[in-house]
Amino acid sequence: MKKNKGFTLIELIIVIAILAILIGLLAPQYVKYVEKSRKSTDVSNLEQLVKAIQVAISDPDYNISSGAYSIAIMPDYTRIFINTKDNNASSVENSKKVVEALKEYTGYTFTNNANSEYICKELTLKSNRWETQMYGNIFPMIIAYLEVKKDSTITITYDPSSVRDLISEK
785 MKKNKGFTLI ELIIVIAILA ILIGLLAPQY VKYVEKSRKS TDVSNLEQLV
835 KAIQVAISDP DYNISSGAYS IAIMPDYTRI FINTKDNNAS SVENSKKVVE
885 ALKEYTGYTF TNNANSEYIC KELTLKSNRW ETQMYGNIFP MIIAYLEVKK
935 DSTITITYDP SSVRDLISEK
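With my numbering applied, the sequence shown covers 785 to 954.
Encoded structure:
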C-alpha cells in the first residue's frame, strides 16, 4: 500500500507567507487603480457637461447668451450656476435653454434651486479624494468655469487644475 504524503505544516506556512507578501505588494496598486478610475469617471462626467454646453452655444436653436457658467460636481449633487452678461436676453429664459440643452445632450435633469442655480442629484462625485480650495477652505468637488463671450468663443478653466491634466491624458 502507498503511503499518502501531504503537505507539512512548514510548507503551508511558507505558501501563506508568500501569498501575504504578494497581497501586500499588490493591494496598494489596486487601490491606486480604483481611485484613478473613479477620478477618470468624474472628469469624464464633467467634460460631458462642458461639451453639452459648448454644443448648445453653437446651436442656433438654443441661442444661449454670453456670460459665465460654472459646473461643480460634488459628493451629493451637481450644481450649475449661470450668470449672463447679456442685458438683452432674459437670464431666466437663458437658464431654461441651458437646462433644456443639458437634458437633450446628456440626459441629466437639472432643477432650479435658486435664481441662477440648478442642481442634479443623479450626478455625483465617484472619488472622495478631490480637493478644491474655495473661500479659504478645501471642498471635495471639481469645477469647470466657462466664460462665453459675445462672439460665442468660450474660455474654460478647471479647478483643481489636475482636472485639466486628466482631460489631456485621454
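Backbone N, C-alpha and C define an ideal beta-carbon position, used for all residues, glycine too.
Report the rounded CA-to-CA distance for residue i versus residue j, giving the unit in angstroms.
| i | j | result |
| --- | --- | --- |
| residue 912 | residue 885 | 29 Å |
| residue 887 | residue 796 | 59 Å |
| residue 803 | residue 811 | 12 Å |
| residue 835 | residue 847 | 16 Å |
Classify residue i as buried or exposed, calling it buried when 16 or more other Cβ atoms lie within 10 Å of its own Cβ.
| i | result |
| --- | --- |
| residue 814 | exposed |
| residue 921 | exposed |
| residue 809 | exposed |
Taking the Cβ atom as the reference point for each residue, do residue i and residue j lie within a distance shorter than 7 Å?
| i | j | result |
| --- | --- | --- |
| residue 908 | residue 859 | yes |
| residue 889 | residue 932 | no |
| residue 914 | residue 903 | no |
| residue 866 | residue 882 | yes |
| residue 861 | residue 910 | no |
| residue 853 | residue 930 | yes |
Leaving out five residues on either side along the sequence, give the residues of the same chain with a beta carbon under 6 Å from the beta carbon of residue i.
| i | result |
| --- | --- |
| residue 855 | 833, 864, 928 |
| residue 942 | 928, 948 |
Compare the C-alpha of residue i against each of the options and name the closest.
| i | options | result |
| --- | --- | --- |
| residue 949 | 918, 806, 823 | 823 |
Only counting the same chain, and skipping five residues up and downstream in sequence, which positions put a Cβ closer than 7 Å to that of residue i?
| i | result |
| --- | --- |
| residue 951 | 827, 831 |
Looking only at its chain, what residues have a beta carbon closer than 8 Å to the beta carbon of residue i, apart from the 5 residues adjacent to it on each side?
| i | result |
| --- | --- |
| residue 820 | none |
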